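Engineer:
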Amino acid sequence: METSSTEPIRPNPDKLLRAISADAGACACDNEQRGRLKIFFGYAAGVGKTYAMLEAAHVAKDHGRDVVVGYIEPHTRPDTLALLDGLEQLPVREMPYKGISLREFDVDAALARKPGLILVDELAHTNAPGSRHAKRYRDVEELLHAGIDVFTTVNVQHLESLNDKVSATTEVVVQERIPDRIFDYASSVELVDLDPDDLLERLEGGKIYGAERAETALANFFSKKNLAYLRELALRRTADRLNRNLERGLGRAAGDAGDDVLVHVSPSAGNATVIRAAARLAAAYRGTLTALVMEPVDDQKLSEEDARALHANVELAEELGAHVVTVYGGDLALQIAQYALSGTISKIVIGSSENQRKRALPNLFPRESVGSRLAKLSCTADVVVIADRHEARPTSGPRLATRFKPTRTDFAAAFLALLGATVLGLAFHEAGLAGSTILAVYLVAVLLGSLKADSFFYSIVASPLAVILFNYFFQTPRFTLTAYGLNYPFTFAFLFVTSAVVSSLTIRTRREAQMNARKAYRTEVLLETEHRLQEANGVDSILSTTAEQVIKLLRTTVVIYQVSPSGRLLDPSLFSSGNPDEDVTMTSLVSDDERAVAAWVAGNNKRAGTGTGTLMNARCLYLPIRGKDTVVGVAGIVLADEDLDAFEKNLLLVMLDECGQAVERERSAEDAHRIRLQAEQESLRANLLRSISHDLRTPLTSISGDASILLSSADALTDDKKRAIYTDIYEDALWLVNLVENLLVVTRLDNGTMALKTEPELVEDVIREAFHHLNRKAALHELRVQVDDPLLMAQMDGRLIMQVIINLVNNAVTYTPEGSRITVSARRAGRGQRPGTAGLVAVSVADDGPGIEPADRTEIFTMFYKGKNVGSDARRGMGLGLALCKSIVEIHGGTIAVDALPKSERTSPDRPGTVITFTLPAVEYEANHAEAEQRATAATEGRPAADAARPPETTRTPDDEGGGA
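Just so you know, the sequence shown maps onto residues 143 to 1107 in our numbering.
1) When you compare each of 988, 986, 953, 265 to residue 1002 by their alpha carbons, which one comes out closest?
2) Spell out the partners DSSP gives residue 246 in its beta bridges.
3) Would you call the CB atoms of residue 196 and residue 226 closer than 9 Å?
4) Run the CB neighbour count on residue 378, radius 10 Å, all protein chains shown included, and call it buried at 16 or more, exposed below.
5) What did DSSP end up calling residue 214 once you bin it into helix, strand or coil?
6) Just the C-alpha distance for residue 934 and residue 951, rounded to the nearest angstrom, thanks.
7) DSSP three-state call for residue 536: helix, strand or coil?
8) Looking only at its chain, what residues have a beta carbon closer than 6 Å to the beta carbon of residue 993, apart from the 5 residues adjacent to it on each side?
9) Under 7 Å Cβ to Cβ from residue 644, same chain only, skipping five residues before and after it: list those, please.
10) Measure the alpha-carbon distance for residue 640 versus residue 586 and round it to whole angstroms.
11) Out of 769, 771, 785, 720, state which residue places its alpha-carbon closest to the alpha-carbon of residue 751.
12) Since residue 199 and residue 179 should fall inside the 8 Å C-beta cutoff, what is the C-beta to C-beta distance between them, to a whole number of angstroms?
13) Residue 406 lies in the beta strand (DSSP E); which residues open and close that run?
14) Quick check on the burial criterion: 16 or more other C-beta atoms within 10 angstroms. Buried or exposed for residue 818?
15) Starting from residue 703, follow the beta strand (DSSP E) in both directions and report where the run begins and ends.
16) Enumerate, from N- to C-terminal direction, the unbroken beta strand (DSSP E) stretches of 3 or more residues contained entirely within the segment 769–795.
17) Straight-line CA distance for residue 824 to residue 1030?
18) Mind reading off the beta-carbon distance from residue 773 to residue 747? Whole number of angstroms is fine, and I expect it under 8 Å.
19) Excluding the 5 residues flanking residue 780 on each side, which residues of the same chain have their C-beta closer than 6 Å to its C-beta?
20) Who does residue 261 pair with in a DSSP beta bridge?
21) Which one of 1000, 771, 740, 770 has the shortest CA to CA distance from residue 756?
22) Using a 10 Å radius around the Cβ and a threshold of 16 neighbouring Cβ atoms, would you call residue 267 buried or exposed?
23) Under the assumption that residue 800 contacts residue 670 (Cβ atoms under 8 Å), give the Cβ distance between them as a whole number of angstroms.
24) Using 9 Å as the threshold, is the C-beta distance between residue 285 and residue 252 below it?
25) With a cut-off of 8 Å, do at least 3 Cβ pairs link the segment 480–491 to the segment 443–452?
26) Taking the beta carbon of residue 776 as the centre, do at least 16 other beta carbons fall within 10 Å, making it buried, or is it exposed?
27) Can you round the beta-carbon distance between residue 1059 and residue 985 to whole angstroms, since I take them to be within the 8 Å contact cut?
28) Taking only runs of the alpha helix (DSSP H) that begin and end inside the segment 283–363, which ones reach a length of at least 4 residues, in chain order?
29) With 16 as the cutoff for other CB atoms within 10 Å, does residue 868 come out buried or exposed?
30) Please report how far the alpha carbon of residue 336 lies from the alpha carbon of residue 407, in whole angstroms.
31) Sorted by chain position, which residues of the same chain lie with C-beta nearer than 6 Å to residue 235's C-beta, five sequence neighbours on each side aside?
32) Work out the CA separation of residue 434 and residue 503 for me, nearest whole Å.
33) Along the chain, where does the alpha helix (DSSP H) containing residue 743 start, and where does it finish?
34) Between residue 255 and residue 210, how many whole angstroms is the CB-CB distance? I'm expecting something under 8 Å.
35) Looking at the unbroken beta strand (DSSP E) that takes in residue 716, where does it start and where does it end?
36) Measuring alpha carbon to alpha carbon, tell me which residue in 414, 276, 347 is nearest residue 315.
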């Protein structure tokens, strides 16, 4: 049934997301922090690209731009050279090469000069060996990353995706090429056009090349046919770019996210042509390009030639913007179909040589084309076969030799299997068993041997030897290679074919299992990395965890550099793989040269080092560890002679991305914690200011009023009245002093400037000294000191702990009625768990007042918390005292807690009382006995002997010394 609807078709979510990502990537290339690239685009040398670039440079200079000529190709063209006048030129860099000196663009000088606009001619140029970058376009990318605008020139034949089309028409292979992304994402492209007839006229007139070179050019590349084709190609490419920009600017339809293209990457000689064609197809359909690499399971390793070819083709696919994926298997069509069906692939591109893959014996073992196999596998994607003009490599080449290369294990397995079968067969023959039983023994022996064999060489050797041994030992006539009977040829053929096929299948199955195990191991490492990064605590832990996981994946040494939030490269951390075969020295991996490469990677957010086109002489492959917007680290990977395969590279990049995200999350958490602390500090300051303005006003007003009375009416006051006023002024001033002391401690704690000066102190001395600084209203209470051991010592800052005791006792005085009992006690809380440690000292301040409600006990140590049961004539404090006590005790490594009095110590059932106990590190008694005894003696000097011999428990009354101010 047909239906119609005016609603728009729902877009494919995957395609839409990729389209949005592509647009975001394009925008990222043109942000304000990045320089702008303008390309003067032509179809051949001599059309006027450099001339047009220099003219535009003069216009920019006239408009006030800071313009510098970075590099212009040496010309003999007077008109072009004349335009260099009036423009600042950077000196070129002389690079020695094979006895000559090559002139190259000096990127370091350009970065040091950092003009607003720089001119760099010939974007596709290949730099001399020893340069930082292999290609000049990478120099230009570095300038753009530094925020420098660039004018440059390039011809259409230098675009990577068009290389095959150009070479097919002109029969000239252009070696210097740039990725199409450079052209596509340039801020501006200006087409410099000239009629081919005019160009040929200029060439013949010697305005482009010298006479000899011009003659050669006319006979080869500069034919009118070639120039017309190149001009058409340049116009089309420029128009195509313009259309894309219009679509991007106007907004493409949501459902038109493009058709995705899949291309198979192989070591085939013509595979580069197929990859370029696939890139052009993906660009034409506005889709993404996926490059699929199949790792076969029946070959242990590609030949060196094939490995180099495959690596080059993978790099080409990446340069053309492809996402490279790796699959494992022996059936190319099956692997392509499974991947295409699991994604959103609309087009599959394969080469004609891959479509009709040949074997060593094509007539005996014909193979169906890949395209036909894809159709049978119900693959709905369109299959595009590209004529790559290269013969397919037969399987009997180097890869065939690798497949059948014998090993010692193969020889040992064949020898032991056939020896065991022969011995067992002789025993069976003596026992009178039939020949079919002995035939089965040989078959089983060959099968068991294949479980240990490494290559198919085992099958080729073991199967015919099994036939020969069976014939020699067990067929009549015995001990000859002759056999009688019409059935024996069939028996021999059965034994040979069965043993060869079964052993080959066993070896293939075992290799597939090994390949799957390796793939599962790599995937498990990736999953483990994610789990361990979630558990890591701190940036250093995250980076070390990542390095350990990379070593698990690649079994190679790793160097990790952390990049600070300010962009500074920190000292490296080296993680050795422990591989004795690794030919590296640890010091060489953290040398100044290697650090410079890592710094470049951190600054430019691009890979460099071994296997790249930048700083290729480095010992490591350096990869940026990226956060969302910045580089948070750099990973240096020590690579052996062979490069990473595509699957390993993808896993490595995913691991580094997870590491970067974890580091960024950790730093964000640290920033949030710091902001929260700052907010709390600001809140604390605000509360302090509010409290100070309120709490200072009352005592200051009282002092001011009392002083005013004394000044104005002193003669009219009696001595008792004057003494009362003096007392009030003194108490208010003492209260203010205590408040200021607490505020000073709060300030030091808030600023993190609290420096402990701990030393062994006699606990009783500190308690008694604190009693000299109590509120005078403490004299109206019954004060007691109980110390189990007069030589009890604790490690403390005596000044601060005395403040703790003062605050606790004054708090008890404030919240208990007159006449209440307040006891300060100290005792040893237990020996240390390790030999030589003294354990803890517990100091308690107890009162028999109304107590604290259980619900309030968790709040009393909170800043600015004020109790409810304050005395009628007591001044309510700021709520700092107990909070300060908690902070001071904790920085001493102790704890503080509050509870009610035990029932046995209560003076009244309705007065549960309060006990606040804090702990301090104790000092070993024996080690400090002599010093403690001296200090105890000094503490009792000036007291009567009876008083010195008084037991530790004392009772203070209002007339005692400690009750005073």
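We put the beta carbon where it would ideally sit given N, CA and C, even for glycine. Predicted model only: the values in this text are computed from it and were never measured.
Structural biologist: Once the coordinates are examined:
1) For the purposes of this step, residue 1002 is taken as the residue at position 860 of the sequence shown. Of 988, 986, 953, 265, the residue nearest in Cα terms is 953.
2) Walking along the sequence shown from the start, residue 246 turns up at place 104. Partner(s): 235.
3) As a first step, residue 196 must be located in the sequence shown, where it is residue number 54. As a first step, residue 226 must be located in the sequence shown, where it is residue number 84. Cβ atoms of residue 196 and residue 226: closer than 9 Å.
4) If you number the sequence shown from 1, residue 378 lands on position 236. With fewer than 16 Cβ atoms within 10 Å of its Cβ, residue 378 is classed as exposed.
5) Numbered from its first residue, the sequence shown carries residue 214 at position 72. DSSP places residue 214 in coil when its eight states are reduced to three.
6) The residue you call residue 934 lines up with position 792 of the sequence shown. The residue you call residue 951 lines up with position 809 of the sequence shown. Residue 934 and residue 951: Cα-Cα distance of roughly 21 Å.
7) Within the sequence shown, the letter at position 394 stands for residue 536. A caution first: residue 536 carries a pLDDT of 49, below 50, which makes its placement in the model too unreliable to give a value.
8) Counting from one through the sequence shown, the residue named residue 993 turns up at place 851. Hits under 6 Å: 1042, 1054, 1055, 1056.
9) Reading the sequence shown from its first residue, position 502 is the one you call residue 644. Answer for residue 644: 589, listed in chain order.
10) Taking the sequence shown and counting its residues from 1, the one referred to as residue 640 is at position 498. Taking the sequence shown and counting its residues from 1, the one referred to as residue 586 is at position 444. So the alpha carbons of these two residues sit roughly 10 Å apart.
11) Here residue 751 refers to the residue found at position 609 of the sequence shown. Per the Cα distances, 785.
12) Translated into the one-based positions of the sequence shown, residue 199 becomes position 57. Translated into the one-based positions of the sequence shown, residue 179 becomes position 37. In fact, because the Cβ distance is near 14 Å, the residues do not count as touching under 8 Å.
13) Locating residue 406 in the sequence shown gives position 264, counting from the first residue. Looking at the DSSP string, the run of the beta strand (DSSP E) that includes residue 406 is 402–407.
14) The residue you call residue 818 lines up with position 676 of the sequence shown. With fewer than 16 Cβ atoms within 10 Å of its Cβ, residue 818 is classed as exposed.
15) The residue given as residue 703 occupies position 561 in the sequence shown. Taken as a continuous stretch (DSSP letters only), the beta strand (DSSP E) holding residue 703 covers 700–704.
16) 773–780
17) Here residue 824 refers to the residue found at position 682 when the sequence shown is read from its first residue. Here residue 1030 refers to the residue found at position 888 when the sequence shown is read from its first residue. Straight-line Cα distance between these residues: approximately 21 Å.
18) The sequence position of residue 773 within the sequence shown is 631, counting from 1. The sequence position of residue 747 within the sequence shown is 605, counting from 1. With 8 Å as the limit, residue 773 and residue 747 qualify as a contact, their Cβ atoms being about 5 Å apart.
19) Within the sequence shown, numbered from 1, the residue matching residue 780 stands at position 638. 698, 699, 726, 762.
20) Reading the sequence shown from its first residue, position 119 is the one you call residue 261. Paired residues: 211, 293.
21) On the sequence shown, position 614 is the one that residue 756 refers to. Ranking the options by Cα distance to residue 756, first place goes to 740.
22) Taking the first residue of the sequence shown as position 1, residue 267 is located at position 125. Answer is buried; the Cβ neighbour count reaches 16.
23) By 1-based counting over the sequence shown, the position of residue 800 is 658. By 1-based counting over the sequence shown, the position of residue 670 is 528. Wrong, their Cβ atoms sit about 11 Å apart, outside the cutoff.
24) Within the sequence shown, residue 285 is the residue found at index 143, counting from 1. Within the sequence shown, residue 252 is the residue found at index 110, counting from 1. Yes, Cβ-Cβ distance for residue 285 and residue 252 is below 9 Å.
25) no
26) Here residue 776 corresponds to residue number 634 of the sequence shown, with the count starting at 1. Its Cβ being crowded by 16 or more others within 10 Å, residue 776 is buried.
27) Taking the first residue of the sequence shown as position 1, residue 1059 is located at position 917. Taking the first residue of the sequence shown as position 1, residue 985 is located at position 843. Right, the Cβ-Cβ distance comes to about 7 Å (below 8 Å), so this counts as a contact.
28) 305–312, 322–326, 338–346, 353–361
29) On the sequence shown, position 726 is the one that residue 868 refers to. Exposed, because fewer than 16 other Cβ atoms sit within 10 Å of the Cβ of residue 868.
30) As a working note, residue 336 is residue 194 in the sequence shown. As a working note, residue 407 is residue 265 in the sequence shown. Going from the Cα of residue 336 to the Cα of residue 407 covers about 39 Å.
31) Against the sequence shown, residue 235 aligns to sequence position 93. Cβ neighbours of residue 235 beyond the five flanking positions: 246, 248.
32) Position 361 of the sequence shown, counting from 1, holds the residue named residue 503. Position 292 of the sequence shown, counting from 1, holds the residue named residue 434. Confidence at residue 503 is low in this model, with a pLDDT of 42, below 50, so the placement of that residue should be treated as unreliable; the coordinate-derived value is given next. In a straight line, the C-alpha of residue 503 is about 28 Å away from that of residue 434.
33) One-based indexing of the sequence shown puts residue 743 at position 601. That run of the alpha helix (DSSP H) goes 734–746.
34) Sequence index remark: in the sequence shown, residue 255 carries index 113 (1-based). Sequence index remark: in the sequence shown, residue 210 carries index 68 (1-based). Indeed they touch by this definition, with Cβ atoms about 6 Å apart.
35) The count along the sequence shown starts at 1 and reaches residue 716 at position 574. Residues 715–717.
36) Here the question's residue 315 lines up with position 173 in the sequence shown. Measuring from the Cα of residue 315, the nearest candidate turns out to be 414.
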